[in-house]
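Inspection log for the structure reproduced underneath, given as structure tokens.
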Amino acid sequence: MRIERLASCLPIPILYESRRKKIQRLLASSSFSLCLFWFPIIKSIVKQEFRKSERLILILDRTQWQDNNIFMISVRWRKRALPIYWLVLNKKGSSNLREQINLIKPVLKLFSHYEVLILGDREFHGIELSYWLKQSNKKSKNPIYFAFREKDNVYLKRSKKNQDRLKDLKLVPGVKVLYKNVKITKQKGFGKFNLLAYKKRDYRHHKTPNNWFIITNLSDPQEVINLYKMRAGIEAMFRDYKSGGYNHGR
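Here's what the structure looks like:
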């Protein structure tokens with residue numbers, strides 16, 4: 001979205017050029033705070049669109065937008081997603097645990113009156129983030145659920161003598177298997193989680209390239225599948241912003 005367009009719509013009784021300069025100064029100000037400016041707006045939107053009894057579906061994702069590496073958390077809304085909070089990473093590539101916590105923590109505080117579910121793809125497979133959320137859930141007044149897709153080279157440990165890499169599990173197409181209360185890594189100290197393993201059916205000559213392995217604290221396999229599919233909302237949002245007519249990059 002262009003500053004010029006914002007200036008033309010801003011309902012302030014001053015000249016257009018003065019409005020444009022005010023917007024530029026606001027965005028360039030070192031005291032400008034995303035939390036102070038945006039959080040009250042998105043909180044008001046969520047309050048209007050969601051009942052307190054509803055679960056908020058929060059989606060993590062990262063996208064390259066021109067020269068910016070943007071790490072974002074959004075709330076699913078009407079098959080799309082609304083941005084809640086974002087960080088511009090001063091590097092290329094994936095986020096780390098510290099950056100992930102810095103993104104999620106303010107949002108959990110903002111929506112502490114809601115039950116939330118956090119979704120993430122294989123970039124967020126690290127057991128450390130799942131463990132941090134599990135510990136946060138213990139201290140939260142409302143439930144914090146999560147479902148993160150795992151890479152297939154991670155180990156599943158069901159007993160002292162029984163551990164396999166996820167890629168070596170024998171999966172039946174179309175059958176969902178939920179391993180409950182298992183260790184997902186050889187590293188110690190992270191406790192146990194549920195793991196959903198799912199191989200999609202091949203349709204005609206179209207073969208599904210990857211199996212789904214999802215680490216979660218949910219216990220219904222079909223619910224995990226249905227919820228994880230909701231990640232598509234943030235991808236649609238990014239398409240809207242980049243090329244769907246919004247011209248936010250300009």
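Going by full-length UniProt numbering, the sequence shown opens with residue 1, and the numbers climb by one from there. Just so it is clear, CB atoms sit at the ideal spot from N, CA and C, and this is done for glycine as well.
Determine the extent of the beta strand (DSSP E) in which residue i is found, giving its start and end residues.
i	result
V175	It is not in any beta strand (DSSP E) - V175 carries neither H nor E in the DSSP assignment.
R55	55-65
R76	68-77
Y114	That residue, Y114, is in no beta strand (DSSP E); it is neither H nor E in DSSP.
V88	80-89
F157	Before going further, note that residue 157 is Lys rather than Phe in the sequence given. Note, K157: beta strand (DSSP E), 155-157.
R149	144-149
R122	Looking at the DSSP string, R122 is not in any beta strand (DSSP E), and its letter there is neither H nor E.
R5	Run containing R5: none in the beta strand (DSSP E); it sits in the alpha helix (DSSP H), 3-9.
D168	Unbroken run through D168: none, as it is neither H nor E.
F193	193-198
For residue i, which option in the options has the closest C-alpha, if you only look at C-alpha atoms?
i	options	result
V75	S159, D67, V116	V116
residue 271	R165, F148, R149, E150	This structure leaves residue 271 out entirely; the chain is present only between 1 and 250.
F146	Q64, R231, F50, N210	R231
R25	T216, P13, I3, V154	I3
K52	N142, I70, L58, L6	N142
S159	K79, T185, V46	T185
F111	Y85, D121, F124, N90	Y85
I70	E99, L6, C35, W38	E99
L103	A7, L87, P83	L87
V154	K139, L56, L195	L195
K161	S140, F148, L178, K183	K183
R55	R201, T63, V46	V46
K134	L218, L227, D61	L218
G93	T63, E223, K138	T63
Looking at the secondary structure, which residues open and close the alpha helix (DSSP H) in which residue i lies?
i	result
F39	34-49
K109	97-110
Q222	221-228
I127	127-139
L218	No alpha helix (DSSP H) holds L218; DSSP gives it neither H nor E.
Can you have a look at residue i and say buried or exposed, based on whether 16 or more other CB atoms are within 10 angstroms of its CB?
i	result
F213	buried
residue 259	The question about residue 259 has no answer, for the chain in this structure spans 1 to 250.
H113	exposed
S130	buried
I14	exposed
E150	buried
G249	Only weak support exists for where G249 lies, its pLDDT of 45 falling under 50; the value from the coordinates is given anyway. Exposed, since its Cβ has fewer than 16 Cβ neighbours within 10 Å.
I127	buried
L10	exposed
Y16	exposed
Roughly how far, in whole angstroms, is the beta-carbon of residue i from the beta-carbon of residue j, given that I think they are within contact range, below 8 Å?
i	j	result
I41	L119	Incorrect: roughly 23 Å between the Cβ atoms, too far for contact.
F193	T216	7 Å
L171	N211	6 Å
Y203	K176	Not quite, the Cβ-Cβ distance comes to about 17 Å (not below 8 Å), so this is no contact.
L108	S136	7 Å
W77	E49	6 Å
The ligand FAD and residue i: does the residue's C-beta get closer than 6 Å to at least one heavy atom of that ligand?
i	result
S219	The ligand FAD is not part of this structure, which contains no ligands at all.
Using a C-beta cutoff of 7 Å, does residue i count as contacting chain E?
i	result
I45	Any reference to chain E falls outside this structure, which holds one protein chain only.
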